[in-house]
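Residue numbers (my numbering), protein chains in the order written: chain Z, 1 to 476; chain L, 1001 to 1330; chain S, 2001 to 2245.
The beta-carbon is built from N, C-alpha and C at its ideal position, and this holds for glycine as well.
A short write-up of the structure that comes next.
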Amino acid sequence: MRIWEQFRLQRKLPVATSSLTMVLVIFILVLSSPPANALPAFARKYGLRCSACHEAWPMLNYFGQKFKDNGYQLMNDRDAPIWQNPSYWPVTFRIIPLWHRESNNKVAVDTEAQSPGGPIPAERRISSSGFDLSGLDFHTGGTLEKNISFYVLPSSDATASFHFETVMGRLDNLFGSPWLNVKLGKFELDNLVSEKRILTLTAISGVYQTYHFRPQGDGNIFGQIGDNQLGVELMGHSANDRTRYSAALLSSSDGQVNLPYGSNAYSGFFTASQAFNVGKWGVDRVGAYAMIGVAPTSYLTLTTGGTATPIAGSGTGNRPYNREGFVGLFYFGKLDFQVVTQHGWDSAWFGAGYGDFIGGNAPNNNTPGSVLPPGFRAPSWNGYLVETHYVYSPQLIFIQRSEWERMSQQADPTVRSDLGNVDMYTLGYRYMPIMTSRAGFAWHNEYSWMRQRGISPVNSRDVSSSSLLLGFDFDF
Amino acid sequence: MRTFMIRWALLVTVTAFLGFSALSSAQMTRYEQDQRLGTEAHVGNLTGHAHAAKENYRRYCVGCHGEEGDGEGENAVWLDPKPRNFTLGQFKCRSTPTGTLPTDEDLYNTLGRGLVNSNMPSWNPLSNQARIDLVAYVKHFSPKFQGDKPGPPVQIPPEPEVTAERIKAGQAVFQKLECWKCHGVEGRGNGPSADTLTDDQNRPIKPFNFHDGTRFKCGTSDQDLYKIFMTGLDGTPMPSFADNVKPDEAWQLVFYLRTLQPMQSKEKQIARQLGLKPINPNSTPTPSPQPAASDTPATAPATAPETSPAASPASPPPADSASPNPPQRK
Amino acid sequence: MKTEYKYRVLALFSALVLFSIAILISGRTVDAASGGSITGKVKLNGTAPHQRGIDMSKEPTCAAIHKDKPVTMENVVAGADGGLADVVVYISQGLSGNEGASSEPVSITQKGCQYIPHVVALDVGQHMKVINADQTSHNIHPQPKNNPEWNKSQPPGAPPFDVTWANEEIAVPVKCNIHPWMHGYVAVVKGPFGVSDESGSFKLQGVAPGSYTLTAWQETYGTQTQKVTVAAGKPATADFTFTAK
């Protein structure tokens, strides 16, 4: 509601309305699914403080990871809701009132110069700042019975428009073994460095670039490992959670409901990791992951009034893609480094702009008789993420993250080799002045900066954007 | 005016003095605490230091066990059973006789295992070093660990083979020791005294229900079960049977208790073949050692000496069985 | 002048030696059973509060023992002539610290699902026998504050076991978890002590001559103190009166 008023105000401004709106919309979209899984509902249930499960909420520590892997159970035969006071209700709300400043140095705006087609655009820096809100999350999760757990997360954007971010049921410890757990629904992929538990909140750093990277012009949205996906997952771990594995079968729909894509498009996501005691430094973990799948590029359409509308569920022409990489969590006492690498590869068809024609992220539809533009190749790239935490105390954490996305092969041989490369740096801290088992409250302050090579809308130059955020992040 | 000034000055001086003395006494206790932060814990080649666990205690433990380790954390009021009060230096799961301090390894194992049917989870996702440091920190709360040493560990003789005779004999031991008074004739934790039980802080406490879970408070193995009734669970109504149960009888009891548990086991299979019925406390009106012993002639070698209940070889060193409570000074 | 000074030093020195010897001897006399004694009576002023009856039907073997006379709680046990029983009288101040514990063990017997005696007093380090005379299992579960807490089972027919206490504590409550009505006290004192009988009489033996503070403790009414002076070879007397509440 408030956002709309802002829009109306902005329309009165002479310059750059569309661009500014775009910046805002991007920001709203990013914050619309705030990645929180810190659950005072669990803290209330078990009497543990946030810090027991979270290195700094919402990011998990090893104990919290094991709790999650157990199906949100402490495994003391008191996890079933029958043991709870009947007034207990496993719901947590999270929202972030904030002030932020967004800046983008290459926004296309109209100039006074006119061409026959209208005003000639030019690039300008647009900066805006003000008080704002994040979306609202309703987390509800826990157990339905011993070894049957669930998680439901209706999530809204800042205008209270809801979607289901997570809906899943899980059968835990099948045959009494922690090695067999089956989950069904829409859920976060088993990423050891979890984007849904990210400690950074700005428009730029609120997601991991590495988990969502697409080459310029690429139509494959399906390989975003940071997005919650629909599917079924088999997961297992050793009793102390030092060894973990998971294998998931997913619809290639990037988590979108109502079967919008093809009927035979599936992807698989696999992880395995092992943790080691490293003496007084703590516990380190190394692992690997891979996402391998196919996704449609060809859709039936119906043309009405001159526009061809793709028909949901009609996708065929599956083309392959894959993402794989290593994950490492390295602890040095209060200091830790989290490292993720990714090698991405898309079929040349995706690189040529085929793929999500339904959602409009791919301009081309692979209709019968389509051919690849001459010389087009399968794009590939590498991504690197290094996040550092200094946990001064359970109530104060300093965060740094650096991400680099580097194209190794462009689909189109004629474009510059570094087109779309990303550099992202963010620096911040979270201070939790209270620490109880009833609610979480954090003062968050962060600055992020990102540069994307050669993608400015008019002159194809590098785009730099920055974001500064101060706010109260709380859940209860 | 002048007298007023003098009076005023006097008041200020006295207040300042009182304030200062209060402050200095507070510093004294903090000094004492800092001294105790030097407490160490040793398990294998691990050495834990209390001062190293300060942040982790705050992170993981303080919500239930409290800043002072007195079991009065913000959540204690909501928990049942209540969190342990570390200042008493009294622990349920020990390998040492009743009334003595646990070994560092006992505490370390409890931390890694958790306590079933309570809110104390397993902390084994933490590093070994973090856990041994926390053991040292737990110890630093109680002055007992400054002077006293842990008791001598209870010796656990090798486990004999499971036989039908031993299971039947174990049932007789269950009846003779009157385990059923609290745990019930079927081991469901519903004996005649079950409702009246209280812990050391006079809070109601329930006896263990053997049908309820596969794990015991202090472990899962036969040895752990053996240890539980030889050491007792200090702070609870569960006493030590070390003086009155011989190792053979103890193993028989272990085997019998296994037949009560829900999971499949060799013991359970044998019990089914035997058609073992729950004990009838009225069948032998006064369960004294003599009739109980004559009930179990099958395990003659094991139970024969039972008729003369003399010394108890089960309780480890004679010094200890003589007086259960002399603190073992360094 | 100089010789005078010498004599003075000598006199002082010999006085010192004598004094030390006297102290040593007096210290010894405390151990000796032939030392002085303190006797007295503890009285209850007013009517003893009603003592709730105990239903032992859950333990038939004990109920059988009491079938002629109903059992009641023993929080205040007053005799017919106003004497107050189960009061521990001990010396709380004035002891030299050289008193040794008696080598005679005291005992506490579980009989008819009661502790006999209801209050037992003993010296630090003195041995205490725990006896089960019942045809049922008991667990003896003292709940001390200054001594380690322990909890031992004693099935019927089991031999007595022996206990000592390392620290002074007045008084340690003792209970049996199986029979929740059972309760008693163990008073761990230093030096001579006495426990009053049904008539309220008590006697402290082996008290060396000197001035002492005498304390009487009753489980419901708490403590009372008074000064008492024991002269050599003469029994001192001290009476206490508790007021019924």
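is_contact[residue i, chain L] using C-beta, thresh 8 angstroms
i                       : result
residue 2075 of chain S : no
residue 473 of chain Z  : no
residue 37 of chain Z   : At residue 37 of chain Z the pLDDT is 45, less than 50, meaning the model places this residue with poor confidence and gives no usable figure here.
residue 2105 of chain S : no
residue 2111 of chain S : no
residue 2054 of chain S : no
residue 52 of chain Z   : yes
residue 84 of chain Z   : no
residue 62 of chain Z   : yes
residue 2236 of chain S : no
residue 436 of chain Z  : yes
Residue i - DSSP class collapsed to helix/strand/coil
i                       : result
residue 346 of chain Z  : strand
residue 1246 of chain L : coil
residue 480 of chain Z  : Outside the shown range of chain Z, which is 1 to 476, sits residue 480 of chain Z, and nothing can be said about it.
residue 244 of chain Z  : strand
residue 1210 of chain L : coil
residue 1091 of chain L : coil
residue 1134 of chain L : helix
residue 449 of chain Z  : strand
residue 1062 of chain L : helix
residue 220 of chain Z  : coil
residue 2093 of chain S : strand
residue 225 of chain Z  : coil
residue 1145 of chain L : helix
residue 2178 of chain S : coil
residue 322 of chain Z  : strand
residue 1040 of chain L : strand
residue 967 of chain L  : As shown, chain L starts at 1001 and ends at 1330. That puts residue 967 of chain L outside it, with no answer to give.
Of the residues the options, the one placed nearest residue i, counting alpha carbons only
i                       : options                           : result
residue 2214 of chain S : S/2097, S/2225, S/2079 and S/2220 : S/2225
residue 245 of chain Z  : Z/282, Z/274, Z/266 and Z/220     : Z/274
residue 1161 of chain L : L/1267, L/1043 and L/1040         : L/1267
residue 41 of chain Z   : Z/469, Z/437, Z/468 and Z/453     : Z/437
residue 250 of chain Z  : Z/237, Z/269 and Z/235            : Z/269
residue 122 of chain Z  : Z/166, Z/132, Z/93 and Z/105      : Z/105
residue 355 of chain Z  : Z/218, Z/102 and Z/139            : Z/218
residue 133 of chain Z  : Z/366, Z/151 and Z/156            : Z/156
Chain S within 8 angstroms of residue i, Cβ atoms only
i                       : result
residue 1192 of chain L : yes
residue 1039 of chain L : no
residue 1178 of chain L : yes
residue 1073 of chain L : no
residue 1103 of chain L : no
Below-8 angstroms beta-carbon distance, residue i vs any chain Z residue
i                       : result
residue 1067 of chain L : no
residue 1130 of chain L : yes
residue 1093 of chain L : no
Whole-number beta carbon distance between residue j and residue i, since they are thought to touch under 8 angstroms
i                       : j                       : result
residue 261 of chain Z  : residue 295 of chain Z  : 7 angstroms
residue 213 of chain Z  : residue 422 of chain Z  : 7 angstroms
residue 944 of chain L  : residue 76 of chain Z   : Summary: the structure shown does not reach residue 944 of chain L, with chain L confined to residues 1001 through 1330, and so no result is reported for it.
residue 2036 of chain S : residue 2208 of chain S : 7 angstroms
residue 480 of chain Z  : residue 425 of chain Z  : The displayed coordinates of chain Z run from 1 to 476. Any statement about residue 480 of chain Z would go beyond what the structure contains.
residue 47 of chain Z   : residue 149 of chain Z  : Not quite, the Cβ-Cβ distance comes to about 19 angstroms (not below 8 angstroms), so this is no contact.
residue 319 of chain Z  : residue 301 of chain Z  : Their Cβ separation, rounded to whole angstroms, is 18 angstroms, which puts residue 319 of chain Z and residue 301 of chain Z out of contact at 8 angstroms.
Quick one: which residues of the region 1234–1260 of chain L get their C-beta closer than 9 angstroms to a C-beta of chain S? List them in chain order.
-> 1234, 1235, 1236, 1237, 1238, 1239, 1240, 1241, 1242, 1243, 1244 and 1245
Chain L contacts from the region 278–299 of chain Z (Cβ-Cβ distance under 9 angstroms) | 278, 279, 280, 281, 282 and 283
Report the residues of the region 1111–1128 of chain L with a CB closer than 9 angstroms to any CB of chain Z, ordered along the chain.
-> Within the region 1111–1128 of chain L, the residues whose Cβ lies closer than 9 angstroms to some Cβ of chain Z are 1112, 1114, 1115, 1116, 1117, 1118, 1119, 1120, 1121, 1122, 1123, 1124, 1125, 1126, 1127 and 1128, listed in chain order.
Note down, in chain order, all residues in the region 1192–1225 of chain L with a beta-carbon under 9 angstroms from any beta-carbon belonging to chain Z.
-> Taking 9 angstroms as the Cβ-Cβ cut-off, the region 1192–1225 of chain L approaches chain Z at 1212, 1213, 1214 and 1215, given in chain order.
What residues in the region 1041–1062 of chain L have a beta carbon less than 8 angstroms from any beta carbon of chain Z?
-> Cβ contacts with chain Z: 1052, 1055, 1058, 1059, 1060 and 1062.
Chain S contacts made by the region 1145–1166 of chain L, where a contact means CB separation under 7 angstroms | none
Positions along the region 2140–2155 of chain S whose CB lies within less than 8 angstroms of some CB in chain L | 2140, 2141, 2143, 2147, 2148, 2149, 2150, 2151, 2152, 2153, 2154 and 2155
Short-range partners of chain Z found in the region 1076–1090 of chain L, where Cβ spacing is below 9 angstroms = Cβ contacts with chain Z: 1076, 1078, 1079 and 1083.
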